Amino acid sequence: MQMHLSGLKNCYFCVADPKFSINENVEILFISLDEHFMSSFLESVISFWKSRVYPILYKSIE
């Protein structure tokens with residue numbers, strides 16, 4: 030989602046090994062934005078907020 034919100038199409042994502050303090054291993058991944066996934070994900074997020082969050086917020090100010 031950060032890539033979508035910042036307008037990035039590609040980025041590098043760094044993942045530290047769970048034992049990084051001992052072995053200092055880091056994996057660097059090149060990531061491309063999956064626009065189809067993001068579109069579907071945003072539809073789900075919007076639906077969730079409309080059906081679950083907004084009603085609770087509206088009730089809290091009545």
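Under our numbering, the first residue of the sequence shown is numbered 30, with each subsequent residue one higher. Glycine is no exception: its CB is placed at the ideal position from the N, C-alpha and C atoms. Here the structure is a predicted model, which means the values were calculated and not measured.
Which of helix, strand or coil DSSP assigns to residue i
i: L58; result: strand
i: E72; result: helix
i: I90; result: coil
i: M30; result: coil
i: K79; result: helix
i: E53; result: coil
Terminal residues of the beta strand (DSSP E) in which residue i lies
i: V44; result: N39 to A45
Top-ranked residue by Cα proximity to residue i, from the options
i: Q137; options: N54, M67 and W78; result: The first residue shown for the chain is 30 and the last is 91, placing residue 137 beyond what the model contains.
Check whether the region 53-67 and the region 32-45 touch, using three or more Cβ-Cβ pairs below 8 Å as the test. yes
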